[in-house]
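> Yeah, the sequence shown ends on 1758 if you go by the numbering used here, and it's all consecutive.
Each residue gets a CB set at the ideal place from its N, CA and C atoms; glycine is no exception.
Since the structure is predicted, the reported quantities are computational estimates derived from the model, not experimental observations.
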Amino acid sequence: MKKLGKLLRNLLIICGVLFIIALFLPDEEEKPADQEQTSVETASGIGTQTGTETASGAETLAGAEHAAGAAENPFPEDMVKEKQTEIKGDGKDQATVFVYMNGSDLESEDGEATEDLCEMLAANISSQVNVLVETIGTKSWSKRLGIASDHTQRYKAEAGNLVLVDDSLGQLDCTSPDTLADFISWGAENYPANRYILIFWDHGAGPVYGFGYDEHQSEDSVLTIDEIQTAIRQSGIYFDIIGMDSCIMSSLELCCAMYNYCDYMILSEDFESGYGWSYTGWLNALSENTSISSEELGKIIVDDMIADNEENGEGASTLALIDESYMKVLYTAWADFAYTNEPALLGENYSMHVRGGRRAHPVLREKGLFDFLFDEDGDYSMSDYYITDIMAVAQNIESKETEALAAAVNLSICYFNCTDDEVGMTGLSVTLPYGDSEFYGYLYPVFTGVGMDADYVGWLEKFVYAEGYNDYYDYESWYEDDWEGWDDYEDDWNWIDWLFFEDDDYWEDDSWDEWGSDQSWAGSGNGRSDCMRKQIAC
């Protein structure tokens, strides 16, 4: 009986202590001011689309999941960038779409640029939407639309009509940053809007070799990502969306380079087919509602492209809508993961072995005749470009940094779709130059040119001498056996994983500061909002 009484007394004491502790705990709704601020920033701009079935059968990430996770955001406030494009709503917005259309051999051999122009003209483009096209870079335009082959022209696409608005340019070089900067500045001055969209149309060669094959220039003349950054900075225009209708441009390096210049990017991690993007549907959607959210518009672009490729049986295709708000988070998580897991990364070659498509850049055609003849259709593997899928690497190398990196990828890719014959792609890549000193020689000036941390660029040279560069990782096996798709992603990695890194020391690395730290907005004048006239601090 004494033992029972003692037990009851102890239980009462414990209950009393717990009650006192509960009195001092904050209510669930009480949050520090700085946490409330961050939650608003990370939730803003997130789409309302829910997980829907894609052409490939894979489900997309739900915007609601992103917003729910943002409520527990542990990042320092300056780690997540606010959206700069202000959408007025109620259909009151004006939009100007720039199409930097370098026809190249895609047009001279197959008329693919003209086909996409016809898709644009099939849209019912409203008076609130300006679709501006610079035609450049091919020796022979199709005669269907009357575009000149011997000089550069600027057109405005209207419903059913391609209207010539500038025929005074002469033959410009698509691969010159001045050409791109002038096109953007001209368009913003003559067709001002509060929403700007920039589309690059032509070959893509990844974040090192860049964009654009101008038939009037040498084959190795390209517009590198540091030159793209320079051109956009010179123009003084901030974009709602920057998209590339080009092969293998969905990379961490390009997205970081564009951090100060757009809210979203739409990019392909894979080689694109000749069909590329499908233009009619999303231009109709934008014309019907110029206040459509960037996420919803991006989703239409992604889904229409994949559906078009599925319908025409043009092989594997992927497209991702990437939220630039989280690039600082993603870069920090990737660098921490990579440095920590250096032995594992150097011990196996994570370059993808997927064969190239129609819009792969011809920069690698200098390969030997034997290699060229025995490559399928004269195309090349992603291993020639040292494309490494970030998500595949994150899942294959287990460490405490893995969960943080996976969560950062989850945040950054707000929508992804692919054809059902796609192998091993999840939306975003990173460049690791396994065993190739010549490639690293191209990489170094480009990556330092966009402002990448010099220590990181120097660290990449270790991959040139990696012992495992001949031991290729089996992406196909991983994709078939281990990757369960984005629909199951939230079950394994979500915002709560970041709480492990809530220690401020994790975010004190200032390697990001060099990204655009010496850049300022020089633009002023028609069509430029206040946010475009100042440095957008990281």
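#1: Quick one: using the 10 Å Cβ neighbour count with 16 as the cut-off for buried, is E1447 buried or exposed?
#2: Per DSSP, A1377 forms a beta bridge with which residues?
#3: Tell me whether the beta-carbon of W1497 lies closer than 8 angstroms to the beta-carbon of I1512.
#4: Take the Cβ of S1657 as the centre, count every other Cβ of all protein chains shown within 10 Å, and call the residue buried at 16 or more, exposed below.
#5: H1423 and Q1391 look like a contact to me (Cβ under 8 angstroms); what is the Cβ gap, rounded to whole Å?
#6: With respect to the beta strand (DSSP E) encompassing G1407, which residues constitute its N-terminal and C-terminal limits?
#7: My output table needs one value for T1316: the three-state DSSP class, helix, strand or coil.
#8: Spatial neighbours of V1613 within its chain, please: C-beta separation below 6 angstroms, excluding the five flanking residues on both sides.
#9: Go to W1554, then tell me how far its alpha helix (DSSP H) extends in each direction, as first and last residue.
#10: Alpha carbons only, please: which of Q1373, G1430, D1524 is nearest the one belonging to S1466?
#11: Give a yes or no on contact between the stretch 1449-1458 and the stretch 1400-1413, applying the rule of three or more CB pairs nearer than 8 angstroms.
#12: Since Q1449 and V1677 are thought to touch, with beta carbons under 8 angstroms apart, how far apart are those beta carbons, to the nearest angstrom?
#13: Among D1543, N1637, V1317, Q1304, which has the Cα closest to the Cα of G1407?
#14: Give me, in chain order, the residues of the same chain whose beta-carbon lies closer than 7 angstroms to that of G1311; leave out the 5 immediate sequence neighbours on both sides.
#15: From K1682, Q1314, S1438, E1562, pick the residue whose C-alpha is nearest to that of P1412; which is it?
#16: Pairing CB atoms from the stretch 1324-1339 with CB atoms from the stretch 1477-1486, are three or more of them under 8 angstroms?
#17: In terms of DSSP beta bridges, what is G1759 paired with?
#18: Secondary structure at C1394, three-state DSSP: helix, strand or coil?
#19: Quick test of your reading: V1684 and P1653, contact by CB under 8 angstroms. State the CB separation rounded to the nearest angstrom.
#20: According to DSSP, F1636 sits in a beta bridge with which residue or residues?
#21: By the 10 Å Cβ neighbour count, where 16 or more other Cβ atoms means buried, how is E1568 classified, buried or exposed?
#22: Which whole-angstrom value is the C-beta distance of T1608 and T1651, which I expect to be below 8 angstroms?
#23: Can you check whether the CB of L1625 is closer than 8 angstroms to the CB of L1472?
#24: In angstroms, rounded to a whole number, what distance separates the CA positions of S1632 and T1646?
#25: Classify P1427 as buried or exposed, calling it buried when 16 or more other Cβ atoms lie within 10 Å of its own Cβ.
#26: Please determine, among N1630, N1561, T1639, D1675, the residue with the shortest C-alpha to C-alpha distance to S1619.
#27: Looking at C-alpha atoms only, which residue of Q1615, S1488, L1539 is the closest neighbour of A1564?
#28: Taking the alpha-carbon positions, what's the T1668 to W1421 distance?
#29: Could you tell me the alpha carbon to alpha carbon distance between T1280 and T1444, rounded to whole angstroms?
#30: Would you list the residues sitting across from L1443 in a DSSP beta bridge?
#31: How about I1526 and C1638: are their beta carbons less than 8 angstroms apart?
#32: Do S1488 and I1468 count as a contact pair if the criterion is CB distance below 8 angstroms?
#33: Do you know offhand how far S1405's Cα is from Y1495's?
#34: At the level of alpha carbons, what is the spacing between Y1699 and Y1433?
#35: Considering only C-alpha positions, which residue in the set D1604, N1350, W1361 is nearest to E1409?
#36: Going by the beta-carbon positions, is the gap between A1553 and A1628 smaller than 8 angstroms?
Quick answer:
#1: What you label residue 1447 is simply residue 227 of the sequence shown in a count that begins at 1. Flag for E1447 reads buried.
#2: Residue 1377 sits at position 157 when you count from the first residue of the sequence shown. Answer is V1351, L1382.
#3: The residue given as residue 1497 occupies position 277 in the sequence shown. The residue given as residue 1512 occupies position 292 in the sequence shown. The answer is no: Cβ separation not under 8 angstroms.
#4: On the sequence shown, residue 1657 is found 437 positions in, with the first residue counted as 1. Result: exposed.
#5: By 1-based counting over the sequence shown, the position of residue 1423 is 203. By 1-based counting over the sequence shown, the position of residue 1391 is 171. Actually they are not in contact, since the Cβ atoms of H1423 and Q1391 sit about 19 angstroms apart, beyond 8 angstroms.
#6: Locating residue 1407 in the sequence shown gives position 187, counting from the first residue. That residue, G1407, is in no beta strand (DSSP E); its alpha helix (DSSP H) goes 1397-1410.
#7: Numbered from its first residue, the sequence shown carries residue 1316 at position 96. DSSP places T1316 in strand when its eight states are reduced to three.
#8: Reading the sequence shown from its first residue, position 393 is the one you call residue 1613. Excluding the 5 residues flanking it on each side, V1613 has same chain C-beta neighbours closer than 6 angstroms at Y1570, in chain order.
#9: What you label residue 1554 is simply residue 334 of the sequence shown in a count that begins at 1. From DSSP, the alpha helix (DSSP H) with W1554 extends over 1547-1560.
#10: Residue mapping note: residue 1466 aligns to position 246 of the sequence shown, counting from 1. Of all alpha-carbon atoms in Q1373, G1430, D1524, the one lying nearest the alpha-carbon of S1466 is that of G1430.
#11: Contact between the stretch 1449-1458 and the stretch 1400-1413 is present, with at least three C-beta pairs closer than 8 angstroms.
#12: What you label residue 1449 is simply residue 229 of the sequence shown in a count that begins at 1. What you label residue 1677 is simply residue 457 of the sequence shown in a count that begins at 1. No, Q1449 and V1677 are not in contact; Cβ-Cβ is about 15 angstroms, not under 8 angstroms.
#13: Mapped onto the sequence shown, residue 1407 falls at position 187. Taking the Cα of G1407 as reference, the smallest distance to any Cα among D1543, N1637, V1317, Q1304 is reached at V1317.
#14: In the sequence shown, residue 1311 corresponds to position 91, counting from 1. For G1311, where only same-chain residues beyond five positions count, the Cβ hits under 7 angstroms are N1509, T1510, S1511.
#15: Counting from 1 along the sequence shown, the entry for residue 1412 is found at position 192. Cα-wise, what sits closest to P1412 is Q1314.
#16: Segments in contact, no.
#17: No answer is possible for residue 1759: the residues shown for the chain start at 1221 and end at 1758.
#18: Here the question's residue 1394 lines up with position 174 in the sequence shown. Here C1394 sits in coil by DSSP.
#19: Numbered from its first residue, the sequence shown carries residue 1684 at position 464. Numbered from its first residue, the sequence shown carries residue 1653 at position 433. Separation of the CB atoms of V1684 and P1653 is rounded to 6 angstroms, and the pair is thereby assigned contact status at 8 angstroms.
#20: For the purposes of this step, residue 1636 is taken as the residue at position 416 of the sequence shown. Beta-bridge pairing links F1636 to A1540.
#21: Along the sequence shown, read from residue 1 onward, the residue named residue 1568 stands at position 348. Counting Cβ neighbours within 10 Å, E1568 comes out buried, since at least 16 surround it.
#22: Numbered from its first residue, the sequence shown carries residue 1608 at position 388. Numbered from its first residue, the sequence shown carries residue 1651 at position 431. Yes, they are in contact, since the Cβ atoms of T1608 and T1651 sit about 7 angstroms apart, within 8 angstroms.
#23: Residue numbering aside, residue 1472 sits at position 252 when the sequence shown is read from its first letter. Residue numbering aside, residue 1625 sits at position 405 when the sequence shown is read from its first letter. For L1472 and L1625, no; Cβs fall outside 8 angstroms.
#24: The residue labelled residue 1632 in the question sits at position 412 within the sequence shown. The residue labelled residue 1646 in the question sits at position 426 within the sequence shown. In a straight line, the C-alpha of S1632 is about 12 angstroms away from that of T1646.
#25: Counted from its first residue, the sequence shown places residue 1427 at position 207. With 16 or more other CB atoms across the displayed protein chains lying within 10 angstroms of its CB, P1427 is buried.
#26: Taking the sequence shown and counting its residues from 1, one reaches residue 1619 at position 399. Comparing alpha carbon positions, the residue from N1630, N1561, T1639, D1675 closest to S1619 is N1561.
#27: To locate residue 1564, count along the sequence shown from 1; it is residue 344. Comparing Cα-Cα distances from A1564 to each of Q1615, S1488, L1539, the minimum goes to Q1615.
#28: By one-based count along the sequence shown, residue 1668 stands at place 448. By one-based count along the sequence shown, residue 1421 stands at place 201. In this structure, the CA atom of T1668 is about 25 angstroms from the CA atom of W1421.
#29: By one-based count along the sequence shown, residue 1280 stands at place 60. By one-based count along the sequence shown, residue 1444 stands at place 224. A caution first: T1280 carries a pLDDT of 41, below 50, which makes its placement in the model too unreliable to give a value.
#30: As a working mapping, residue 1443 is identified with position 223 in the sequence shown. Answer is F1431.
#31: On the sequence shown, position 306 is the one that residue 1526 refers to. On the sequence shown, position 418 is the one that residue 1638 refers to. The answer is yes: Cβ separation under 8 angstroms.
#32: In the sequence shown, residue 1468 corresponds to position 248, counting from 1. In the sequence shown, residue 1488 corresponds to position 268, counting from 1. Result yes, Cβ atoms of I1468 and S1488 sit closer than 8 angstroms.
#33: Within the sequence shown, the letter at position 185 stands for residue 1405. Within the sequence shown, the letter at position 275 stands for residue 1495. Rounded to whole angstroms, S1405 to Y1495 spans 29 angstroms at the Cα level.
#34: Counting from 1 along the sequence shown, the entry for residue 1699 is found at position 479. Counting from 1 along the sequence shown, the entry for residue 1433 is found at position 213. Between the C-alpha atoms of Y1699 and Y1433 there is a straight-line separation of about 32 angstroms.
#35: Along the sequence shown, read from residue 1 onward, the residue named residue 1409 stands at position 189. Relative to E1409, the option among D1604, N1350, W1361 whose CA is nearest is N1350.
#36: In the sequence shown, residue 1553 corresponds to position 333, counting from 1. In the sequence shown, residue 1628 corresponds to position 408, counting from 1. Annotated as proximal: A1553 and A1628, with beta-carbon spacing under 8 angstroms.
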